[in-house]
Amino acid sequence: MKTRLEQVLERYLNGREVVVWGVPTRRLLRALKPFKFRVDDRVDPQYHYVVAVNDDDLSDFLSDEQSKSFQYANDYLTFDDEGGELPFERMCFNVPVGRQTYFGDGVVGACKNGYIKSIGQFTSINGTAEIHVNHQLNMTFVSDDIQNFFNEESMAIFHEKLRKDPKHPYAYSKEPMTIGSDVYIGAHAFINASTVTSIGDGAIIGSGAVVLENVPPFAVVVGVPARIKRYRFSKEMIETLLRVKWWDWSIEEINENADALISPELFMKKYGGL
């Protein structure tokens, strides 16, 4: 089975030479094994397809004129050694993350702890946003550090009590949270993973909001606790967006339909009656 990197390169290489930008890791060297490549910082989009290591941004190193010549995916991509391959699907501690999605340590920790099932495509999560679980209040301690002194048997008893005792609505929600595509989560927002299992496609969570309930698709929620202030679009348009799912389009389709993506009215004219 071909890796995602192989599929992208075969699609966009068009006879050009692969150039690695940065110090290649072992994972990247294995991924590039089927291709002839070299490591260099002299690049030209006419002759080279660039694979940048981790999050190196070519625009940080190229002149303005050179940067205009390179298009993401068409002429270069980044390879993230922690999560796998970009620019399309990648993993964060076994949590699938869609293309063009970004977030900070608060979400990385939630992925690591198993609070998140998946994160969609084109989702923007501010680096200060946090996803955590309830803290138990009904034992004789609230300190997290006390667990460092528990042996395996004590830890097993501790977690079993948290799972089964209704007085301890702690880390174990009914299911891990699903965060949809084209979601925006603002600065310092907090999402309670003990009570929230779904953030719908197109939802917006305002800065500083404390989210305790599921957020429907295309809802705008703000406040403490967060409440639905409004929906981004009419019911008809929301249904159309959820049916069309533009975030699943290829790069070519996105470019071809940029006018409709910019104008909700034109989007409905093109896709509302289908």
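Letter by letter, the sequence shown follows residues -17 to 256 in this note's numbering. Ideal placement from N, C-alpha and C gives every residue a C-beta, glycine not left out.
Check                                                                                                      : Outcome
Terminal residues of the alpha helix (DSSP H) in which R12 lies                                            : R8 to A13
Span of the beta strand (DSSP E), counted from its first residue to its last, around T160                  : M159 to I161
With 16 other Cβ atoms within 10 Å as the buried cut-off, status of E67                                    : The predicted model places E67 with a pLDDT of 42, which falls under 50 and marks its position as unreliable; any figure quoted below should be read in that light. When all chains shown are included, E67 counts as buried.
Rounded straight-line distance, which links the Cα of V0 to that of N174                                   : 44 Å
Anticipated Cβ contact below 8 Å, V197 with F172, distance rounded                                         : Wrong, their Cβ atoms sit about 13 Å apart, outside the cutoff.
Reduced DSSP secondary structure (H/G/I, E/B, other) of N130                                               : helix
E112 - partner residues in DSSP beta bridges                                                               : F172
Cβ shell of V204 (< 6 Å), same chain only, five flanking positions each side left out                      : G188, A191 and K211
Segment contact flag, the segment 116 to 129 with the segment 87 to 105, C-beta cutoff 8 Å, min 3 pairs    : no
Cβ separation of Y97 and P158, assumed to be a contact under 8 Å, to the nearest whole Å                   : 6 Å
Identified DSSP bridge partners for H30                                                                    : E(-1)
Reference F123; option with closest CA among E112, F140, E134 and N108                                     : F140
Run of the beta strand (DSSP E) containing P78, from where it starts to where it stops                     : V77 to V79
8 Å Cβ shell around I236 - same chain, five flanking residues per side excluded                            : W228 and L243
Option in G182, T177 and S176 with minimal Cα separation from I167                                         : G182
V206, buried or exposed, once every other Cβ within 10 Å from all chains shown has been counted against 16 : exposed
Any non-hydrogen atom of the ligand HEM closer than 7 Å to I173 Cβ                                         : Of ligands this structure carries none, so the ligand HEM is not represented either.
Proximity winner among E238, Y31, T7 and L10, relative to E(-8) (alpha-carbon distances)                   : Y31
Alpha-carbon spacing of M240 relative to Q118, whole angstroms                                             : For the record, residue 240 in the displayed sequence is Ala; it is not Met. The straight-line gap from Cα to Cα measures roughly 48 Å.
Buried versus exposed, by CB contacts within 10 Å (16 or more), N108                                       : buried
Cβ pair A34, G4 closer than 8 Å                                                                            : yes
Y166 (DSSP reduced to helix, strand or coil)                                                               : strand
Proximity below 8 Å, CB of P246 to CB of I220                                                              : no
Whole-angstrom distance between F75 and E218, CA atom to CA atom                                           : 37 Å
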